[in-house]
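**Student:** Residue 1 is where the sequence shown starts when you use the UniProt record's numbering, and the numbers rise one by one after that. Note that the Cβ used here is the ideal one computed from N, Cα and C, for glycine as well. Remember, predicted model here, so these are calculated numbers, not experimental data.
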Amino acid sequence: MRPPKRVSVCSKPRKALPGEVEFFLGDVTITYERNRVVEFSFLTLADSGAFVTKAPGRLNEALALVRPFQWQVWPPIITTLILSGPVMFMVMEASSLWRPRNRRALPRWDLFWSCIWFNTTIFLRQTGREVSKSHKVRLLTVLLSFAATYVIGDMYSANLTSLLAKPGREPPISTLEQLEFAMKTQGYQLLVEMHSSSYGILENGTGVYQKLWRKMARQPYFLIESVEAGMQHVRDSKNFALLGGRETLYFDTRRFGSNYYHLSEKLYTRYSAIAMQIGCPFLENFNQILMQLFEAGILTKMTAEEYEKLGGELRTDKVKSDTKEKANSDQADDAIAGQQVTTGEKTKTVSTAHLLADDKKLQPISMTMLQGAFIVLALGYSISVVAFSSEMLMKILGAHEVKCKITKPKVDTTAFQNFWVWCEDVYSRLAPLSSEDDSCMTLDYIE
């Protein structure tokens, strides 16, 4: 199968063309297009493609009361709460179908609402008055109490406590399909390094890569000079994603702060090597040295130590700048920027790097996390006010209607009936006369 016609050669391997340099000592991704102009040594790095996005933000803490259970669990719970009252009413009224004499004096409608309210108090763990003292109702009450207290209530309380101690987060973007959907619905923008292998994969790719490339073409910009610039874009803005090598992105997240980024799954495999001129005489020497370093694990160790060193320098500079700003702004923040621990005559300064807030640690519950409970309380008060107002309005209207009935003038039904009888008698006398006149007029017309 022939490769696609849309090809682009990285600027780095072009330096290894004849007339410039003999080889390019660096991790250059091996691609088909680059193999046509340069020659590669033994593998220096086996990597895979990935993309990085901003770390998922925290979910709204006001809605924490509904998150202990997934949305698939809430419909059965609500259905159980709604049907438990009618079921208890049916259990109580079942005996009255064949023994009507044992029917209680309480009206059915009042009994129905009493059953619903009693079951609501059971699920809310409140005290209530028993609707009936029969054994079947007590057995049903015990079953509902077990279900509400030891199954639903305890699981809800345990999950809610863990969520309040460690708040939940938004679902992360980990696959290309999720990234495409986010670019379509949430306005995400995908960035890629200029003249990189990831750029070539997007430009010449098919399937989901082609869809991503078409969406990237409609962006204001998508090419960046370096991976570091892309990492800063992703850290400073929410709707940005960066495509590149997974190892490079992984170590860069450690450099800039792993709590700011989310690394996706492995997308594809890519290999890096040293780019040389075609027919370079040093190729065999490089291959022997690289194979020895690779077998001994020195290449992996050197790469990890180098990125750890860069990350340590970046964190140290950041700690120094933060400490200086906090010392100038407020002396009280010195406990956060650095603590001095005195042991005898020596004073030890605890580095700020060890005191930086880690977002993954458990945090104490604050009033912000509990605002959902106050929202529910305010909603309950509002419903109570509406119910109380409607009951008072109905009571006032009922009293006014009774008052109107009392003050309405009474009609003498006897006189009215006599008048109606007199009208019927008059009508019965006049009806024959009118019929005779009509018949006479008809005969005159015929003649």
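What residues match up with Thr53 in a beta bridge as DSSP calls it?
**Tutor:** Thr53 is bridged to Ala241 and His262.
**Student:** Entirely within the stretch 90-164 and at least 4 residues each: give me those alpha helix (DSSP H) ranges in chain order.
**Tutor:** Correct list: 108-123 and 135-146.
**Student:** Excluding the 5 residues preceding and the 5 following Glu247 in the sequence, name in chain order all residues of the same chain whose CB lies nearer than 6 Å to its CB.
**Tutor:** So the list reads Asp47, once near-sequence residues are dropped.
**Student:** What does the alpha-carbon distance come out to for the pair Ala296 and Asn239?
**Tutor:** One C-alpha to the other measures close to 42 Å.
**Student:** What's the call for residue 463, buried or exposed, on a 16-neighbour Cβ count within 10 Å?
**Tutor:** As shown, the chain starts at 1 and ends at 447. That puts residue 463 outside it, with no answer to give.
**Student:** According to DSSP, is Gln189 part of a helix, a strand, or is it coil?
**Tutor:** Strand.
**Student:** When the Cα atoms are used, what is the spatial distance from Ile278 to Thr300?
**Tutor:** Their backbone Cα atoms lie some 27 Å apart in a straight line.
**Student:** From Ala229 to Thr206, what does the alpha carbon distance come to, in whole angstroms?
**Tutor:** Whole-angstrom Cα-Cα distance: 27 Å.
**Student:** Kindly list the residues whose CB is nearer than 6 Å to the CB of Phe112, restricted to its own chain and excluding five residues on each side of it in sequence; keep chain order.
**Tutor:** Taken in chain order, the residues that qualify are Phe89.
**Student:** Where does Leu45 fall in DSSP's three states?
**Tutor:** Three-state DSSP puts Leu45 in a strand.
**Student:** Is the beta carbon of Phe42 sitting closer than 8 Å to the one on Leu290?
**Tutor:** Cβ distance < 8 Å, so Phe42 and Leu290 count as in contact.
**Student:** Would you kindly check if the distance between the Cβ of Gln189 and the Cβ of Phe222 is under 8 Å?
**Tutor:** For Phe222 and Gln189, yes; Cβs fall inside 8 Å.
**Student:** Between the Cα of Arg255 and the Cα atoms of Met231, Tyr381 and Lys266, which residue gives the shortest distance?
**Tutor:** Of Met231, Tyr381 and Lys266, the residue nearest in Cα terms is Met231.
**Student:** In whole angstroms, what is the alpha-carbon distance linking Ile78 and Asn259?
**Tutor:** Going from the Cα of Ile78 to the Cα of Asn259 covers about 38 Å.
**Student:** Would you kindly work out how many angstroms separate the C-alpha atoms of Leu179 and Phe294, rounded to a whole number?
**Tutor:** Looking at the two C-alpha atoms, the distance is approximately 35 Å.
**Student:** Pull up the CB-CB distance for Ile30 and Ser272, whole angstroms please, since I reckon it's below 8 Å.
**Tutor:** Correct: roughly 7 Å between the Cβ atoms.
**Student:** Tell me which residue opens and which closes the alpha helix (DSSP H) that Ile289 is part of.
**Tutor:** Per DSSP, Ile289 belongs to the alpha helix (DSSP H) from Leu283 to Ala296.
**Student:** If we ignore side chains and look at the alpha-carbon of each, how far apart do Leu45 and Leu249 end up?
**Tutor:** Approximately 14 Å, taken between the alpha carbons.
**Student:** Run through DSSP, which three-state label would Gly338 get?
**Tutor:** The predicted position of Gly338 is uncertain, since its pLDDT is 40 and thus under 50; no value can be drawn from it.
**Student:** Among Val142, Met276 and Lys211, whose alpha-carbon lies nearest the alpha-carbon of Val38?
**Tutor:** Ranking Val142, Met276 and Lys211 by Cα distance to Val38 puts Met276 first.
**Student:** With which residues is Leu377 paired in a DSSP beta bridge?
**Tutor:** In DSSP, Leu377 forms no bridge with anything.
**Student:** By a C-beta neighbour count over all protein chains shown, 10 Å radius and 16 as the cutoff for buried, is His400 buried or exposed?
**Tutor:** Answer is exposed; the Cβ neighbour count stays below 16.
**Student:** Terminal residues of the continuous alpha helix (DSSP H) containing Thr253?
**Tutor:** Looking at the DSSP string, the run of the alpha helix (DSSP H) that includes Thr253 is Arg246 to Phe256.
**Student:** Taking 8 Å as the threshold (C-beta atoms), are Ser264 and Ser174 in contact?
**Tutor:** It is a contact, given that the beta carbons lie within the stated cut-off.
**Student:** Determine the extent of the alpha helix (DSSP H) in which Met231 is found, giving its start and end residues.
**Tutor:** Start and end: Val227 to Asp236.
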